[in-house]
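Numbering-wise, our numbering comes out as the position in the sequence shown, counting from 1, plus 12. For every residue, glycine included, the Cβ atom is placed at its ideal position computed from N, Cα and C. What follows is a short report on a single structure.
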Amino acid sequence: MSDLRDLLAGVAARAADYRESVADAPVFPDDTSGVREKLGDLPEKPAPPADVIRRLADAVEPALVASTGPRYFGFVTGGALDAATAADMLATGWDQPAFNKVTSPAGAIVEDVAGAWLKDVLGLPSHASFGFVTGGQGANTVGLAAARHHVLARAGWDVERRGLHGAPPLRVIANEERHATIDRSLRLLGLGTDAVQPVRADDQGAIDIAGLEKALDGPAIVCLQAGNVNTGAFDDFAAATEIAHRHGAWVHVDGAFGLWAAAAPALRHLTTGLETADSWAVDGHKWLNVPYDSGYAFCAHPESHRASMSLTAAYLTGQGDGGVRAPGDFVPESSRRARGFATWAALGELGRTGIAEMIERCCALARRFAEQLTEAGITVVNDVVLNQVLVDFGDDTERVIEVVQRSGECWMGATTWRGRRLMRISVSNWSTTEADVDRSAAAIQAARASVASSG
Ligand SMILES: Cc1ncc(COP(=O)(O)O)c(C=O)c1O
């Protein structure tokens, strides 16, 4: 074998070894103190690639978090499906800049196909445009940029040309429990967080519809949520969109993880009216279980989407599109990873029924968590409508979470919701089983008992 073949085969074997053992390894690393030393100083001289890779893997593997494994329940991370992982490795090997069909016909065409499949499976309008972005943050930014263009154009203002100085005021009406990335997108887009007019959330964290109607007055973007980041609650899209559109507002839906409910027949009722919105943000790297660096922005107004994102340059014109859209016209980057391969592979591995089954299974596992903890006398705070479970241990919450995290059995994070410090459990990994939930629920109960006995 050539050196290159050896190198890549060795890396594939190492990644496979890791993935095959991840379910049995401690979920969080014990001791990461030696990593910097092992990475060493900037070398003066070149080194053989195989040595470099061996040193890298030996140095960092002890500091990896088993977030791709079945008992990691923090942050709604998802795992990475086998085909999607392998396709992403191919994307690296092929090294395609997926800017347009000239820089990579393969990169452009696969996004075209995978984007259409995503719209189909998520029940979004077939005419919607889409961009493959870095994640939910990127997708929210693109959706809100298209919104900014559209709403201001209707008010007679060309924001791409004139900027925001002197523009008509543009307000953003959003759930008080919106995700923090909405605010960062507004900062990046020059709208600023003061543009937000927060609307009260109901007892489960969905936007209060009467409050929304009251807040609407003048050019506005309404931000809705499919899947409250704590509780998993859904806004009432049908009612909210009808009201927002009656007032001439644009409706953006942050559905980083919750939008996947639309792909599952047993959960689709949570998303009724979703398709009437104007833009949508969803992650691939969360619940579709695509490796990291995968999100999607969809827009029901392709011209506003393109106007907010596209660029042109002398060396890019006159090459025709040959019927293939330029992915770079719908995202904020120019040169970029060919993200379509991994998404196409995830959709191909699962198919429509496999996606529905995975989403429904994760929700059933979340309910199993809630049932077992409740039976053990532990308080579950939210209605478990999706994959999120909020757990209250009173004054012991922080310490119970710490003990669970240190146990290496499983990992769940902490959150503050309605003034209470809570454990937050998110089930979003394709490989999590009932046995993983049972083992993790037992670890939580053991942690609670040990905290109680230590006084
Ligand atoms: C509701 C919601 N929106 C946006 C995001 C941001 O997504 P990403 O981390 O992929 O940028 C998240 C991530 O947790 C989320 O849960």
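Between A455 and the set S419, I437 and W262, the nearest pair of CA atoms involves S419. If you draw a straight line from the Cα of P74 to the Cα of D43, it comes to about 8 Å. Approximately 5 Å separates the beta-carbon atoms of G296 and T355; this is inside 8 Å, confirming the contact.
Taking C-beta separations shorter than 8 Å and ignoring five residues to either side along the sequence, the partners of A426 in its chain run T409, E410, I413, R433, L434, M435 and R436, following chain order. If you keep only unbroken alpha helix (DSSP H) runs of at least 4 residues inside the stretch 213 to 243, you get 221 to 227. Annotation: the continuous alpha helix (DSSP H) that includes I413 extends over T409 to S419. With fewer than 16 neighbouring CB atoms inside 10 Å of its own CB, P181 falls in the exposed class.
Contact check for L198 against L156 passes: the beta carbons are separated by less than 8 Å.
The residue from T445, A388 and V114 with its alpha-carbon nearest to that of A461 is A388. Judged by the Cβ position, D295 qualifies as a neighbour of ligand 1 at the 7 Å threshold, a heavy atom of the ligand being closer than this. Within the stretch 238 to 277, complete beta strand (DSSP E) segments of at least 3 residues are found at 262 to 266, given in chain order.
Between S33 and the set V47, E56 and P82, the nearest pair of CA atoms involves P82. W429 and F87 have their alpha carbons spaced roughly 15 Å apart. Around the beta carbon of T205, a 10 Å sphere encloses fewer than 16 other beta carbons of the protein chains shown; the residue is thus reported as exposed. In this structure, L76 sits near P41, with a CB-CB distance shorter than 8 Å. A residue is called buried when at least 16 other Cβ atoms come within 10 angstroms of its Cβ; E56 does not meet this threshold and is exposed.
Put simply, of A95, G91 and H177 the residue whose alpha carbon is nearest the alpha carbon of G360 is A95. Shortest gap from the CB of T97 to any heavy atom of ligand 1: 7 Å or more. Residue side-chain check: N152 places its Cβ nearer than 7 Å to a non-hydrogen atom of ligand 1. Using a C-beta cut-off of 8 Å, the stretch 279 to 289 makes contact with the stretch 234 to 253, since at least three inter-stretch Cβ pairs fall below that distance. For F381, the Cβ stays outside the 7 Å cut-off from all heavy atoms of ligand 1. Note on A21: under 16 other CB atoms within 10 angstroms of its CB, so exposed under the neighbour-count rule. For T153 and L203, the gap between their C-alpha atoms comes out near 11 Å. Apart from the 5 residues on each side of it in sequence, S440 sits with its Cβ closer than 7 Å to the Cβ of V88, T89, G90, F269, K298, W299, C374 and N399 in its chain, given in chain order. Shown here for T104: not one same chain residue has a beta carbon closer than 6 Å to its own, the five before and five after excluded.
Taking C-beta separations shorter than 7 Å and ignoring five residues to either side along the sequence, the partners of D220 in its chain run V211, R212, A213 and D214, following chain order. Pairing V401 with T243, the inter-Cα distance amounts to about 7 Å. Setting aside the 5 residues that flank it on each side, V72 is surrounded in the same chain by V47, each with a C-beta closer than 7 Å to its C-beta; the list follows chain order. Bounds of the beta strand (DSSP E) holding Q400 are Q400 to D404. Under the DSSP assignment, D295 falls in the beta strand (DSSP E) whose first and last residues are S291 to D295.
Taking C-beta atoms as the reference points, A159 and H264 count as a pair closer than 8 Å.
The C-alpha of L134 is placed about 5 Å away from the C-alpha of A274.
Remark: C-beta atoms of D107 and F353 do not approach each other more closely than 8 Å. Here DSSP, grouped into helix, strand and coil, assigns R190 to coil. Note on E446: under 16 other CB atoms within 10 angstroms of its CB, so exposed under the neighbour-count rule.
The stretch 336 to 345 makes contact with the stretch 133 to 152, as at least three CB pairs between them are under 8 Å.
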